[in-house]
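Trainee: 0 is the number of the first residue of the sequence shown in numbering that gives the first Met the number 0; add one for each residue after it.
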Amino acid sequence: MAASAQSTTNLGKLTMEHVMISTDDYAETISWYVDKLDFDIHHEWTVPDLPGIKLAYLKRGDFLIEVVETPDALQVRKTPQDLGEALADRGIGHLAFLTPDVDGVASILTERGVEMVVPPTSFPDAGRRLIFIQDNNGNFIEFLTPLSELEGEHDK
0 MAASAQSTTN LGKLTMEHVM ISTDDYAETI SWYVDKLDFD IHHEWTVPDL PGIKLAYLKR
60 GDFLIEVVET PDALQVRKTP QDLGEALADR GIGHLAFLTP DVDGVASILT ERGVEMVVPP
120 TSFPDAGRRL IFIQDNNGNF IEFLTPLSEL EGEHDK
């Protein structure tokens, strides 16, 4: 019944448009996503009613990351130190990007000085091969390739 409801309402037409990352270092965060992940700066702006806050949309394909610099965080929050802590944290734990070649992405990111939190690893039960990295703010980012799309064997 849920599938039927999705196809007959406007909710059935939803697509992911953007995710927001709050940071205390706007310029460094923008540079990280542009230099490491090849995002483009799509738009930058401020809101007169919110002094001290800068905003930017970074674009890659049809997906946007909204970077928001907030000089004072609302809460003091511990950044997860490893993937286990990130998975145990409440809220949104990571971003994930689909790629046809996760091993190729891992090589490029390594060349760009990005450390692998989880190196290219196959998870047959999940049906995917993936890597995890962290951005300059400690946010976890996953890149994955469905195992069904891979040719040949990966033995990690």
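Every residue gets a Cβ at the ideal spot worked out from N, C-alpha and C, and that includes glycine.
These numbers were taken from a predicted model, which means no experiment stands behind them.
Below 6 Å CB to CB, which residues in the same chain sit around D23 once its five sequence neighbours on both sides are set aside?
Mentor: Around D23, the same chain offers no residue with a beta carbon nearer than 6 Å, after the five sequence neighbours per side are excluded.
Trainee: What residue from F139, V113 and D100 has the CA that sits closest to S147's CA?
Mentor: D100
Trainee: Just the Cα atoms here: how many angstroms apart are M19 and G11?
Mentor: 23 Å
Trainee: In the DSSP assignment, the beta strand (DSSP E) including D179 goes from what residue to what residue?
Mentor: Only positions 0 to 155 of the chain appear in the structure, and residue 179 is not among them; the question remains open.
Trainee: Please classify W31 as buried or exposed, where buried requires at least 16 neighbouring CB atoms within 10 angstroms.
Mentor: buried
Trainee: Can you have a look at V46 and say buried or exposed, based on whether 16 or more other CB atoms are within 10 angstroms of its CB?
Mentor: exposed
Trainee: Should F142 go down as buried or exposed, given a rule of 16 or more other Cβ atoms within 10 Å for buried?
Mentor: buried
Trainee: Let me make sure I understand the geometry here. Which of D48, W44, G103 and L13 has the alpha-carbon closest to that of V66?
Mentor: W44
Trainee: Please classify T8 as buried or exposed, where buried requires at least 16 other C-beta atoms within 10 Å of its C-beta.
Mentor: exposed
Trainee: Starting from K12, trace the beta strand (DSSP E) both ways and give me its first and last residue.
Mentor: Note, K12: premise wrong, no beta strand (DSSP E); not H, not E.
Trainee: Near M0, what residues of its chain come up, given a Cβ to Cβ distance below 7 Å and the 5 sequence neighbours on each side ignored?
Mentor: Bear in mind that the predicted position of M0 carries a pLDDT of just 46, short of 50, making it too unreliable to give a figure here.
Trainee: Measuring CA to CA, which of F62, D34, G137 and Q80 is closest to L108?
Mentor: D34
Trainee: Under the three-state reduction of DSSP, which class applies to L54: helix, strand or coil?
Mentor: strand
Trainee: Quick one: residues in its chain with C-beta nearer than 7 Å to the C-beta of I40, no 5 flanking neighbours on either side, listed in chain order?
Mentor: I29, V33, A55 and L57
Trainee: Can you grab the Cα-Cα spacing for the pair P123 / P145, in whole Å?
Mentor: 10 Å
Trainee: Cβ atoms of I130 and P119: under 8 Å apart, would you say?
Mentor: yes
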